[in-house]
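Encoded as C-alpha cells, the structure appears first; notes follow it.
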Amino acid sequence: MHNIKGVRGAPDILPQKSSRWQRIEEVARAALRRYGYAEIRTPVFERTEVFIRGIGEGTDIVEKEMYTFTDQGQESLTLRPEATAPVVRAYLEHQMAAQSALVKVYYLGPMFRRERPQSGRYRQFHQIGVEAIGSHQPAVDAEVIDLLWKLMVEEFRIPGLELRLNSIGDVACRPEIRERILRYMRDRASELCTDCQGRLGRNPLRILDCKQEGCQRLVAGAPKPLESLCEACADHFAQVRSLLDLLKIPYTVDDRLVRGLDYYTRTAFEVVNPRLGAQNALAGGGRYDGLIEVMGGPPTPGIGFAIGLERVMASIPAEADAQTSLDGVYVATIGQEAHRTGMLLLQELRRRGVRGLIDLEGRSLKGQMRQANKDRVRYCLILGEDELAKGHATLRDMAKAEEQSVPLDHVVARLLELEGERTG
Ligand code: HAM
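Heads up, my numbering is the position in the sequence shown plus 57, with the first residue counted as 1.
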C-alpha cells in the first residue's frame, strides 16, 4: 500500500513553522485593532454567483481558477478565491451600513485558486485582508495604505519592500482610458503574447501588467491611465499622495500597475519584494467604488487590501525566527512515586498558567534532561527518590545553570515567584 499524499499546491504548515505563522497573526491582529478594524469571518465557500459578479467574468480567476462544484441540492458553490466579494455579500445581507457609515473589517484565512503551483503560488494559500466600506474620502485610502505598510515593515519586519501606487480611473474616465489603450494595442496586436491578444477584447488594461518581454516593449509606449484621469479622479489621487507624503509612506507611482480583478476603481496599490522572483507581490489592493452596486446594493464606495501570508513567510529573514526565549518548567522524575508527585505538581502549575512538561515515554533521567533542553524550558524540577523522601525537590535554572533545593509544598509558589520576577 502506498501512502496518500496531500494535494499539489496545498502545503501543510508543520509545527516547526507554525510558531512563525502564529507570531505574524498575533502582531497583525493587535495592529488591526489599533487601526479600528474588527474581525469578520465569512464561510470558505459561497454561491458561485458571488464571485462571477464580484470579481468579473473575464478575469483569470473566474475564467480558469475557481474550485466550483455542484452540491447534492444542485446548487453551484465555489471555494473562495478571495474575500472582498464575500465581505460585500455579508455587508449587504446583514445591513451593516445601518451600524456605521464606515464599516472597517478584517479577515484572516485560507483562499483557493486553481493556479499552476510554483514557488510562491499555491492552490490553497492564506490572506490577511481588510475592507473599509462607506467612504470616498482620500483619508481612507491613506489610512489603509499606511496600515498595510506598517504591517509589512514594522510588524512583520520585512526588509527591502517597495510600495507601488497608481490610479486607474472610475466610471467617468475608464471608458476613455480603455479606448485609448485598445486603439494603441489593436494596431500592434500581432506583437502581443497570446494571453494579451485574448485580453484585448476583454480587459485591455491588463496588458499594461503583462510580464512578457514583447508586451513590455509595447507597453512602454502605450497610453497610461494616469494620463486620462477625469478631474475628480486626478484630484482624489493628488490628495491620497499628499496624505501619504504627510505620513512619510515611501511609495513610487507605477503608471503600469493595474490589478487582476475587475472591481477596482481609482487607487490601486501593491507591495512588492523585488528579491522574490516571479511571484513577488506580497500584497495588493485598491478602491472598488462600483462593487457594492454590482453586488445588488446602493452606490457605496469601498477600499481594501489583502496580504499573501505564504509570500510574507518567504520574505522574513531566518534571524527573525531567533529561538524563542526559555520558558516554563520540565519536571524530571526518577521512579514511579516521583512521577505521580510530578504529575500532581504539573497539574497545579498548568492551572496557574505555567507551561509545563513531563516525560511520558519512560526516559532515563539523562534522557529527560536532554528533552528539557530541547523543549527550551527555563526551569527543570528534579524529583529524585531520596529527595522525595525528605519532602524536597531540586529546582534548576537552565539559563543560569544554578540549582536550589525547595520544599515540595513550596515548589509551585517558588516557580510562580520566579516567573513573576522574569516577566514582571
Ligand atoms: P490579489 O492581488 O488577488 O487581491 O491577492 C492578494 C495577495 O494574495 C497577493 O498579492 C499574493 O500575495 C496573495 N496571493 C494571491 N494568489 C496567490 C496564490 N495562488 N498563492 C499564494 N499567494 C497568493 C485580492 O485577493 C483582493 N481581494 C485584495 C483586496 C481586498 N482588494 C480590495 N480589498
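Every residue, glycine too, gets a C-beta built ideally from N, C-alpha and C.
Beta carbon of residue i nearer than 8 Å to that of residue j
{"i": "Ala450", "j": "Arg435", "result": "no"}
{"i": "Asp319", "j": "Gly477", "result": "no"}
{"i": "Glu82", "j": "Leu165", "result": "yes"}
{"i": "Gly18", "j": "Phe362", "result": "In the structure displayed, the chain extends from 58 to 481; residue 18 sits before or after that span and is not available."}
{"i": "Val145", "j": "Gly115", "result": "no"}
{"i": "Arg40", "j": "Arg344", "result": "Summary: the structure shown does not reach residue 40, with the chain confined to residues 58 through 481, and so no result is reported for it."}
{"i": "Cys253", "j": "Cys267", "result": "yes"}
{"i": "Leu304", "j": "Ala199", "result": "yes"}
{"i": "Leu89", "j": "Tyr163", "result": "yes"}
{"i": "Gly191", "j": "Val160", "result": "yes"}
{"i": "Pro232", "j": "Pro374", "result": "no"}
{"i": "Ile349", "j": "Val201", "result": "no"}
{"i": "Thr125", "j": "Thr135", "result": "yes"}
{"i": "Pro261", "j": "Arg245", "result": "no"}
{"i": "Leu333", "j": "Ser382", "result": "no"}
{"i": "Ala395", "j": "Gly441", "result": "yes"}
{"i": "Gly413", "j": "Leu403", "result": "yes"}
{"i": "Leu339", "j": "Val411", "result": "no"}
{"i": "His193", "j": "Pro72", "result": "no"}
{"i": "Val369", "j": "Phe213", "result": "yes"}
Residue i versus residue j: straight-line alpha-carbon distance, rounded
{"i": "Pro464", "j": "Glu405", "result": "16 Å"}
{"i": "Leu401", "j": "Asp384", "result": "20 Å"}
{"i": "Asp416", "j": "Thr390", "result": "8 Å"}
{"i": "Gly365", "j": "Ala335", "result": "14 Å"}
{"i": "Pro138", "j": "Gly317", "result": "12 Å"}
{"i": "Ser299", "j": "Gly93", "result": "23 Å"}
{"i": "Asp443", "j": "Pro167", "result": "54 Å"}
{"i": "Ile439", "j": "Gln393", "result": "13 Å"}
{"i": "Leu452", "j": "Asn430", "result": "15 Å"}
{"i": "Arg407", "j": "Asp432", "result": "16 Å"}
{"i": "Ala67", "j": "Glu172", "result": "11 Å"}
{"i": "Thr99", "j": "Pro143", "result": "7 Å"}
{"i": "Ala85", "j": "Ala95", "result": "12 Å"}
{"i": "Asp227", "j": "Pro355", "result": "17 Å"}
{"i": "Leu475", "j": "Val469", "result": "10 Å"}
{"i": "Gly353", "j": "Glu150", "result": "10 Å"}
{"i": "Ser133", "j": "Thr127", "result": "4 Å"}
{"i": "Leu204", "j": "Glu327", "result": "13 Å"}
{"i": "Ile118", "j": "Glu188", "result": "20 Å"}
{"i": "Val276", "j": "Asp302", "result": "28 Å"}
{"i": "Ser285", "j": "Gln269", "result": "25 Å"}
{"i": "Ala87", "j": "Cys437", "result": "33 Å"}
{"i": "Gln428", "j": "Gly419", "result": "12 Å"}
{"i": "Gly130", "j": "Ile61", "result": "30 Å"}
8 Å contact criterion, which residue i and residue j should meet: CB distance rounded
{"i": "Arg263", "j": "Val315", "result": "6 Å"}
{"i": "Gly177", "j": "Glu367", "result": "7 Å"}
{"i": "Arg80", "j": "Pro174", "result": "About 26 Å separates the two Cβ atoms, so there is no contact after all."}
{"i": "Val388", "j": "Gly399", "result": "4 Å"}
{"i": "Cys290", "j": "Ser224", "result": "6 Å"}
{"i": "Cys272", "j": "Leu249", "result": "6 Å"}
{"i": "Glu122", "j": "Arg170", "result": "4 Å"}
Residue i - partner residues in DSSP beta bridges
{"i": "His183", "result": "Pro167"}
{"i": "Ala363", "result": "Gly186, Gly341"}
{"i": "Phe126", "result": "Leu134"}
{"i": "Pro464", "result": "His449"}
{"i": "Ala158", "result": "According to DSSP, which records beta bridges pairwise, Ala158 is partnered with nothing at all."}
{"i": "Thr309", "result": "Arg221"}
{"i": "Phe102", "result": "Leu136"}
{"i": "Val351", "result": "Val351 pairs with nothing; no bridge assigned."}
{"i": "Arg65", "result": "According to DSSP, which records beta bridges pairwise, Arg65 is partnered with nothing at all."}
Beta carbon proximity, residue i to chain B, threshold 8 Å
{"i": "Glu442", "result": "Chain labels in this structure do not include chain B; a single protein chain is all it has."}
If contact is defined by three or more beta carbon pairs under 8 Å, each pair taking one atom from either stretch, is the stretch 100–116 in contact with the stretch 67–85? Result no; under three Cβ-Cβ pairs closer than 8 Å.
Inter-stretch contact (C-beta, 8 Å, three-pair minimum) for the stretch 208–221 and the stretch 305–312: yes
Three CB pairs or more closer than 8 Å across the stretch 236–244 and the stretch 270–289: yes
Is it the case that the stretch 289–296 contacts the stretch 173–185, given that we only count it when at least three CB pairs across the two stretches are under 8 Å? no
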